[in-house]
Amino acid sequence: MPDISGADFWTMRNIMDKGEDGKITISELAKKTRVLPSAISRTLKRLEEKGYVERTVNKNDRRNTYVEITDRGREVAQEVREIMRDYGEAVLSKFDEEELSMLISYLNNIYDIAKKEIEVRKVKK
Numbered sequence: 597m598p599d600i601s602g603a604d605f606w607t608m609r610n611i612m613d614k615g616e617d618g619k620i621t622i623s624e625l626a627k628k629t630r631v632l633p634s635a636i637s638r639t640l641k642r643l644e645e646k647g648y649v650e651r652t653v654n655k656n657d658r659r660n661t662y663v664e665i666t667d668r669g670r671e672v673a674q675e676v677r678e679i680m681r682d683y684g685e686a687v688l689s690k691f692d693e694e695e696l697s698m699l700i701s702y703l704n705n706i707y708d709i710a711k712k713e714i715e716v717r718k719v720k721k
């Protein structure tokens, strides 16, 4: 089992989801995760100490620091994904088809309600 918290894993996921170059600035990451830059910096320090991420200073603008996942970080993230998938499959295997159908229906309803609520709140701004 990798030595990584849920928050660390989701931070790594957000870095990996950035795109082709796989780099993201600390401020972009903070905005994307809705976490204060100071908290993101602490998380990144932990991940950097474990060898999961590395930071590089933008050569054109030294005020910007980029963060990217290392090869070791990708391996750990993949391992965590597999553990989560196996866990999810184990839990869902305890339900029969009717229960799964009801669960999916409830989750779809929650999704639809949440999506509408987000739209309502956007309009109010």
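Take any residue in the sequence shown, note its place counting from 1, add 596, and you have its number in our numbering. Idealized CB from N, CA, C, for every residue including glycine.
Taken through DSSP and simplified to helix, strand or coil, Arg-670 comes out as helix. Apart from sequence neighbours up to five positions away, the residues of its chain that approach Phe-691 with a beta-carbon distance below 8 Å are Leu-699, ordered along the chain.
Excluding the 5 residues flanking it on each side, Ala-686 has no same chain C-beta neighbour closer than 6 Å. Setting aside the 5 residues that flank it on each side, Arg-642 is surrounded in the same chain by Asp-604, each with a C-beta closer than 8 Å to its C-beta; the list follows chain order. Of the other Cβ atoms in all chains shown, fewer than 16 fall within 10 Å of the Cβ of Ala-710; this residue is therefore exposed.
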